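A short worksheet on the structure shown next.
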Ligand SMILES: C[S@@+](CC[C@H](N)C(=O)[O-])C[C@H]1O[C@@H](n2cnc3c(N)ncnc32)[C@H](O)[C@@H]1O
């Protein structure tokens with residue numbers, strides 16, 4: 093290990109302490125000990141700023157400042173479109189990221205929020221590069237960490253990097269939404285991929301009194317980190333922690349393909365009480381997702397104006413909003429009235445004083461997941 097690497101780790105620990113993400117000595121020791129660059133040996137993708145769709149370009153370990161970048165508090169994308177890694181490409185690519193090394197501040201904040209104790213056994217979902225897994229191994233010991241990754245290639249690379257750093261957790265390739273029953277019960281479950289609904293299997297595999305930390309959101313892409321405690325009766329409940337946290341969604345919970353768009357010139361038309369601009373706001377959009385959990389949002393530019401369309405692929409319901417002469421008009425079709433539901437929820441939330449997401453509560457039973465706010 094070079095002095096430069098050591099210095100970068102110490103500097104990262106200092107930065108994360110100053111930002112209050114890193115709060116306790118055991119995690120500080122872990123950040124100072126684990127070489128993040130070993131988990132990014134395959135390079136990363138840099139975002140190229142522009143007006144069009146987001147483009148990404150590979151940055152390989154021989155690039156200037158590569159090592160320093162590995163110790164910045166930033167997320168580094170390590171896979172695009174489900175298969176493409178930085179070494180596969182020269183130039184640019186315009187597809188969505190599918191794996192990354194999460195920004196260290198968030199990784200550490202989540203480990204701190206999980207409130208592990210010595211001897212705890214942890215299930216991590218979304219191994220990714222393995223950096224957060226390595227921190228967990230340093231804190232708790234290899235034999236107490238199980239980490240599940242859906243992508244065999246990603247898991248294989250993480251395993252190599254972990255071994256390089258002397259870490260040998262139990263790595264599993266598979267759908268982490270099923271948890272990993274063979275090593276249950278766990279004291280803690282932590283997910284570094286986003287969720288639309290929290291799998292009941294995680295509750296079943298966590299001991300009563302144990303905790304689950306995961307980011308809950310939806311297909312309009314507003315989300316928040318939640319910490320739930322598992323109860324004796326087999327349910328779990330807790331609250332959101334704040335910070336407007338988002339992660340790439342667990343692959344099986346990605347939005348379904350839109351298919352054929354509905355004919356938005358048809359349907360029932362009325363003046364909307366709320367315009368589509370309300371869901372530009374993160375918290376309001378979260379409320380809209382609670383009201384219409386199956387809805388996906390698209391924008392269509394036609395006839396010189398923008399149509400904001402919400403479509404629920406499962407039941408074919410849709411709503412299309414456009415602003416004309418300073419008024420928002422909504423047209424809706426299908427079995428449900430998506431915009432009626434969203435307006436109703438947003439009005440209730442505003443009547444309750446528009447509580448921020450860190451005031452929201454979440455509870456999960458075998459049958460359902462409920463997200464509420466005070467006075468709902
Ligand atoms: C943001 S990355 C994880 C970052 C990781 N904690 C790190 O610091 O490198 C999210 C990972 O979750 C994985 N993933 C997505 N859906 C999954 C699922 N259903 N089960 C397990 N892993 C999943 C992705 O392949 C991706 O590698």
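Numbering (the numbering used here), first residue to last: 93 to 468. Each residue gets a CB set at the ideal place from its N, CA and C atoms; glycine is no exception. Please read all numbers here as calculations on a predicted model, not as lab measurements.
Alpha carbon to alpha carbon, what distance is there between residue j and residue i?
{"i": "residue 386", "j": "residue 313", "result": "12 Å"}
{"i": "residue 364", "j": "residue 382", "result": "19 Å"}
{"i": "residue 446", "j": "residue 182", "result": "47 Å"}
{"i": "residue 223", "j": "residue 126", "result": "8 Å"}
{"i": "residue 366", "j": "residue 434", "result": "9 Å"}
{"i": "residue 236", "j": "residue 279", "result": "10 Å"}
{"i": "residue 390", "j": "residue 197", "result": "32 Å"}
{"i": "residue 157", "j": "residue 95", "result": "16 Å"}
{"i": "residue 339", "j": "residue 234", "result": "25 Å"}
{"i": "residue 169", "j": "residue 407", "result": "34 Å"}
{"i": "residue 231", "j": "residue 431", "result": "47 Å"}
{"i": "residue 469", "j": "residue 403", "result": "For the chain, the structure presents residues 93 to 468; residue 469 sits outside this window and is missing."}
{"i": "residue 132", "j": "residue 220", "result": "10 Å"}
{"i": "residue 267", "j": "residue 328", "result": "21 Å"}
{"i": "residue 139", "j": "residue 281", "result": "31 Å"}
{"i": "residue 262", "j": "residue 248", "result": "12 Å"}
{"i": "residue 464", "j": "residue 378", "result": "11 Å"}
{"i": "residue 208", "j": "residue 202", "result": "11 Å"}
In terms of alpha-carbon separation, which member of the options lies closest to residue i?
{"i": "residue 421", "options": "377, 202 and 357", "result": "357"}
{"i": "residue 311", "options": "388, 263 and 249", "result": "388"}
{"i": "residue 76", "options": "163, 244 and 155", "result": "No answer is possible for residue 76: it lies beyond the span of the chain, which begins at 93 and ends at 468."}
{"i": "residue 468", "options": "426, 120 and 443", "result": "443"}
{"i": "residue 186", "options": "195, 115 and 171", "result": "171"}
{"i": "residue 204", "options": "119, 271, 152 and 159", "result": "119"}
{"i": "residue 254", "options": "129, 115, 103 and 396", "result": "129"}
{"i": "residue 271", "options": "304, 246 and 136", "result": "304"}
{"i": "residue 216", "options": "201, 209, 240 and 193", "result": "240"}
{"i": "residue 466", "options": "459, 165, 454 and 296", "result": "454"}
{"i": "residue 346", "options": "309, 318, 294 and 265", "result": "309"}
Buried or exposed for residue i, going by 16 or more other Cβ atoms inside 10 Å?
{"i": "residue 414", "result": "buried"}
{"i": "residue 307", "result": "buried"}
{"i": "residue 337", "result": "buried"}
{"i": "residue 260", "result": "exposed"}
{"i": "residue 316", "result": "buried"}
{"i": "residue 98", "result": "exposed"}
Confirm the yes/no value for this check: CB of residue i, any heavy atom of ligand 2, distance under 8 Å.
{"i": "residue 380", "result": "Among the ligands present in this structure, namely ligand 1, ligand 2 is not found."}
Ligand 1 and residue i: does the residue's C-beta get closer than 8 Å to at least one heavy atom of that ligand?
{"i": "residue 343", "result": "yes"}
{"i": "residue 338", "result": "no"}
{"i": "residue 166", "result": "no"}
{"i": "residue 437", "result": "no"}
{"i": "residue 136", "result": "no"}
{"i": "residue 205", "result": "no"}
{"i": "residue 220", "result": "yes"}
{"i": "residue 248", "result": "no"}
{"i": "residue 304", "result": "no"}
{"i": "residue 450", "result": "no"}
{"i": "residue 313", "result": "no"}
{"i": "residue 183", "result": "no"}
{"i": "residue 223", "result": "yes"}
{"i": "residue 217", "result": "yes"}
Report the partner residues of residue i according to the DSSP bridge assignment.
{"i": "residue 137", "result": "150 and 169"}
{"i": "residue 238", "result": "215 and 262"}
{"i": "residue 410", "result": "403 and 425"}
{"i": "residue 393", "result": "398"}
{"i": "residue 283", "result": "217"}
{"i": "residue 156", "result": "Partner(s): none; residue 156 has no beta bridge."}
{"i": "residue 387", "result": "404"}
{"i": "residue 368", "result": "Note: residue 368 sits in no beta bridge, so no partner."}
Would residue i count as contacting chain D if we go by Cβ distances under 9 Å?
{"i": "residue 290", "result": "Here there is only one protein chain, and chain D is not present."}
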